[in-house]
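Novice: Numbering (my numbering), first residue to last: 138 to 507.
Beta carbons: idealized from backbone N, C-alpha and C, even for Gly.
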């Protein structure tokens with residue numbers, strides 16, 4: 138197959154007009170040397186969402202049907218790869234959910250692996266997660282989940298102040314599992330130490346990281362000074378203000394930014410009242426909240442996150458695209474996708490000049506057409 142007469146987003150973060158030839162085995166050639174055509178559509182690598190709890194009315198803790206639902210829906214948002222993200226839950230619930238990842242083929246977006254956001258987090262920074270199921274880090278438990286999933290565990294979030302966190306983080310790093318700091322009440326000093334233990338990512342930066350004070354900078358202070366850390370960001374315009382995003386981008390290069398949705402089951406649905414697990418929540422004007430007003434995750438989609446960043450900040454689209462594509466791939470060591478190069482997977486999203494999705498391809502197959 139061939140996609141022609143498009144502005145291809147090249148690995149040097151520039152658009153060049155040309156074409157891409159590919160099949161189900163991957164990209165076979167890229168012929169894009171001409172200057173960007175200001176009237177042509179954009180061909181981007183498929184979006185990679187490494188932090189998403191659900192979509193289309195289903196949470197990934199519900200198992201395989203939720204994964205199939207997401208596989209069908211997410212390509213309309215430009216997503217070709219996602220990491221089902223599991224909040225704190227009972228051990229048997231997580232076991233059932235991760236087992237659903239084993240040995241199955243998908244017709245749309247694909248779950249690369251899973252992200253265990255709970256249960257090794259702090260009740261003091263629980264957010265919309267249930268503290269009943271929060272517990273000490275347990276490497277044997279994590280290895281059990283990895284085995285049940287067929288080896289599809291690549292990402293764990295930990296609050297580094299919890300008892301046993303240091304040894305757990307070090308062992309995850311040895312096992313090749315990426316670890317993020319999140320839902321934490323850790324001090325500035327403890328958080329800095331956790332980077333030495335093996336933490337390489339900040340989980341939804343600014344959210345549930347304590348409050349910055351000039352004498353007690355908290356976890357968020359440590360994140361901001363560690364410029365080599367990858368930083369997840371919920372770019373829905375609600376979870377993090379424009380000013381805070383500007384501050385974050387003053388502390389690191391854009392190659393360390395990862396846009397996520399942190400989406401809940403209400404993503405790709407309208408306003409309404411919903412339930413997920415033990416919680417009931419309402420969505421009004423696209424904002425999800427628990428009854429007490431706590432933000433309950435996001436309903437933003439990846440394509441909207443891209444548009445939000447462009448509307449909020451004085452940046453070019455070329456600056457932001459890596460945060461949805463190659464940056465998350467690199468952060469998790471996913472080497473076969475995230476850029477448009479010969480030999481990489483043929484995962485693409487074609488977007489128009491206003492940055493809305495036209496079509497999406499996974500493994501060389503068109504899985505969405507507007």
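For a test of the three-state rule: what should DSSP assign to residue 306, helix, strand or coil?
Specialist: Stepping through the chain shown from its first residue, residue 306 is reached at position 169. Residue 306: helix per DSSP, three-state reduction.
Novice: Going residue by residue through the region 226 to 285, where are the continuous alpha helix (DSSP H) segments of at least 4 residues, counting only ones entirely within it?
Specialist: Fully enclosed alpha helix (DSSP H) runs of 4 or longer: 228 to 236, 276 to 285.
Novice: Buried or exposed: residue 487, going by 16 or more other Cβ atoms within 10 Å of its Cβ?
Specialist: As a position in the chain shown, residue 487 is number 350, starting the count at 1. When all chains shown are included, residue 487 counts as buried.
Novice: Where do the ends of the beta strand (DSSP E) carrying residue 343 lie?
Specialist: Numbered from 1 along the chain shown, position 206 holds the residue referred to as residue 343. It is not in any beta strand (DSSP E) - residue 343 carries neither H nor E in the DSSP assignment.
Novice: Going by beta-carbon coordinates alone, are residue 140 and residue 292 separated by less than 8 Å?
Specialist: Position 3 of the chain shown, counted from the start, is the residue given in the question as residue 140. Position 155 of the chain shown, counted from the start, is the residue given in the question as residue 292. No, these two residues do not count as a Cβ contact at 8 Å.
Novice: By the three-class DSSP mapping on this structure, what secondary structure does residue 328 have?
Specialist: Residue mapping note: residue 328 aligns to position 191 of the chain shown, counting from 1. Looking at residue 328 - three-state DSSP - the assignment turns out to be helix.
Novice: May I have the straight-line CA-CA distance separating residue 364 from residue 138, to the nearest angstrom?
Specialist: Against the chain shown, residue 364 aligns to sequence position 227. Against the chain shown, residue 138 aligns to sequence position 1. Those two C-alpha atoms are separated by around 41 Å.
Novice: Helix, strand or coil for residue 440? Go by DSSP, reduced to three states.
Specialist: Taking the first residue of the chain shown as position 1, residue 440 is located at position 303. Helix.
Novice: What's the gap between the Cα of residue 478 and the Cα of residue 484?
Specialist: Locating residue 478 in the chain shown gives position 341, counting from the first residue. Locating residue 484 in the chain shown gives position 347, counting from the first residue. Near 11 Å, if we compare the C-alpha coordinates of residue 484 and residue 478.
Novice: Between which two residues does the alpha helix (DSSP H) harbouring residue 387 extend?
Specialist: Position 250 of the chain shown, counted from the first residue, corresponds to residue 387. Residues 379 to 387.
Novice: Judging by CA-CA distance, which residue of 498, 375, 252 is the nearest neighbour of residue 449?
Specialist: Taking the chain shown and counting its residues from 1, one reaches residue 449 at position 312. Of the candidates 498, 375, 252, the one whose C-alpha sits nearest the C-alpha of residue 449 is 375.
Novice: Report the partner residues of residue 357 according to the DSSP bridge assignment.
Specialist: To locate residue 357, count along the chain shown from 1; it is residue 220. Bridge partners of residue 357: none, in fact.
Novice: For residue 387 and residue 285, what's the separation of their Cα atoms in angstroms?
Specialist: Translated into the one-based positions of the chain shown, residue 387 becomes position 250. Translated into the one-based positions of the chain shown, residue 285 becomes position 148. Distance between the alpha carbons of residue 387 and residue 285: 41 Å.
Novice: Just reading off the beta strand (DSSP E) that residue 164 is part of, what are its end residues?
Specialist: Walking along the chain shown from the start, residue 164 turns up at place 27. Per DSSP, residue 164 belongs to the beta strand (DSSP E) from 163 to 172.
Novice: What does the alpha-carbon distance come out to for the pair residue 340 and residue 281?
Specialist: In the chain shown, the residue the question calls residue 340 occupies position 203. In the chain shown, the residue the question calls residue 281 occupies position 144. For residue 340 and residue 281, the distance between alpha carbons rounds to 23 Å.
Novice: Given 8 Å as the limit, is there contact between the region 256 to 272 and the region 212 to 232, that is, 3 or more CB pairs closer than that?
Specialist: These segments touch.
Novice: Just to confirm the assignment: which complete alpha helix (DSSP H) runs, minimum length 4, are found wholly within the region 140 to 219?
Specialist: DSSP runs (the alpha helix (DSSP H)) wholly in the region 140 to 219: 201 to 210.
Novice: Taking its Cβ as the centre, do 16 or more other Cβ atoms sit within 10 Å of residue 482, making it buried, or is it exposed?
Specialist: Against the chain shown, residue 482 aligns to sequence position 345. Under this definition residue 482 is a buried residue.
Novice: Compare the Cα-Cα distances from residue 229 to each of 199, 220, 249, 454 and report the closest residue.
Specialist: Locating residue 229 in the chain shown gives position 92, where the first residue counts as 1. Measuring from the Cα of residue 229, the nearest candidate turns out to be 199.
Novice: Can you round the beta-carbon distance between residue 356 and residue 328 to whole angstroms, since I take them to be within the 8 Å contact cut?
Specialist: Position 219 of the chain shown, counted from the first residue, corresponds to residue 356. Position 191 of the chain shown, counted from the first residue, corresponds to residue 328. About 4 Å separates the two Cβ atoms, so the contact holds.
Novice: Going by DSSP, which residues form a beta bridge with residue 221?
Specialist: Within the chain shown, residue 221 is the residue found at index 84, counting from 1. DSSP output for residue 221 lists 189 as bridge partner(s).
Novice: Identify the continuous alpha helix (DSSP H) that holds residue 458 and give its terminal residues.
Specialist: The count along the chain shown starts at 1 and reaches residue 458 at position 321. That residue, residue 458, is in no alpha helix (DSSP H); it is neither H nor E in DSSP.
Novice: From residue 171 to residue 403, what distance separates their C-alpha atoms?
Specialist: One-based indexing of the chain shown puts residue 171 at position 34. One-based indexing of the chain shown puts residue 403 at position 266. C-alpha separation (whole angstroms): 42 Å.
Novice: What does residue 322 pair with, by DSSP beta-bridge criteria?
Specialist: To locate residue 322, count along the chain shown from 1; it is residue 185. DSSP output for residue 322 lists no bridge partner at all.
Novice: Does residue 459 pass the burial test, meaning 16 or more other C-beta atoms within 10 Å, or should it be called exposed?
Specialist: For this step, residue 459 is matched to residue 322 along the chain shown. When all chains shown are included, residue 459 counts as buried.
Novice: Could you compute how far the alpha carbon of residue 503 sits from the alpha carbon of residue 249?
Specialist: Here residue 503 corresponds to residue number 366 of the chain shown, with the count starting at 1. Here residue 249 corresponds to residue number 112 of the chain shown, with the count starting at 1. In a straight line, the C-alpha of residue 503 is about 19 Å away from that of residue 249.
Novice: Kindly indicate which residue of 179, 457, 468 has the alpha-carbon position closest to the one of residue 443.
Specialist: Counting from one through the chain shown, the residue named residue 443 turns up at place 306. Measuring from the Cα of residue 443, the nearest candidate turns out to be 457.
Novice: In terms of residue numbering, what span does the beta strand (DSSP E) encompassing residue 503 cover?
Specialist: The count along the chain shown starts at 1 and reaches residue 503 at position 366. Segment 502 to 506, the beta strand (DSSP E) holding residue 503.
Novice: Once DSSP output is grouped into helix, strand and coil, what is the label at residue 445?
Specialist: The residue you call residue 445 lines up with position 308 of the chain shown. Helix.
Novice: In the DSSP assignment, find the beta strand (DSSP E) that holds residue 390 and state where it starts and stops.
Specialist: Here residue 390 is taken as the residue at index 253 of the chain shown, counted from 1. That residue, residue 390, is in no beta strand (DSSP E); it is neither H nor E in DSSP.
Novice: Roughly how many whole angstroms lie between the Cα atoms of residue 377 and residue 344?
Specialist: Position 240 of the chain shown holds residue 377. Position 207 of the chain shown holds residue 344. So the two alpha carbons sit approximately 8 Å from each other.
Novice: Cutting at 7 Å between CB atoms, please list the residues of its own chain near residue 381, excluding the five before and the five after it.
Specialist: For the purposes of this step, residue 381 is taken as residue 244 along the chain shown, with counting starting at 1. The residues are 343.
Novice: Please look up how many angstroms separate the CB atoms of residue 296 and residue 322, rounded, as I've assumed it's under 8 Å.
Specialist: Translated into the one-based positions of the chain shown, residue 296 becomes position 159. Translated into the one-based positions of the chain shown, residue 322 becomes position 185. About 7 Å; that satisfies the 8 Å criterion.
Novice: Helix or strand or just coil, what does DSSP make of residue 362?
Specialist: What you label residue 362 is simply residue 225 of the chain shown in a count that begins at 1. Here residue 362 sits in helix by DSSP.
Novice: Hey, residue 489 and residue 178: beta-carbon distance below 8 Å or not?
Specialist: Translated into positions along the chain shown, residue 489 becomes position 352. Translated into positions along the chain shown, residue 178 becomes position 41. In contact: residue 489 and residue 178 (Cβ atoms closer than 8 Å).
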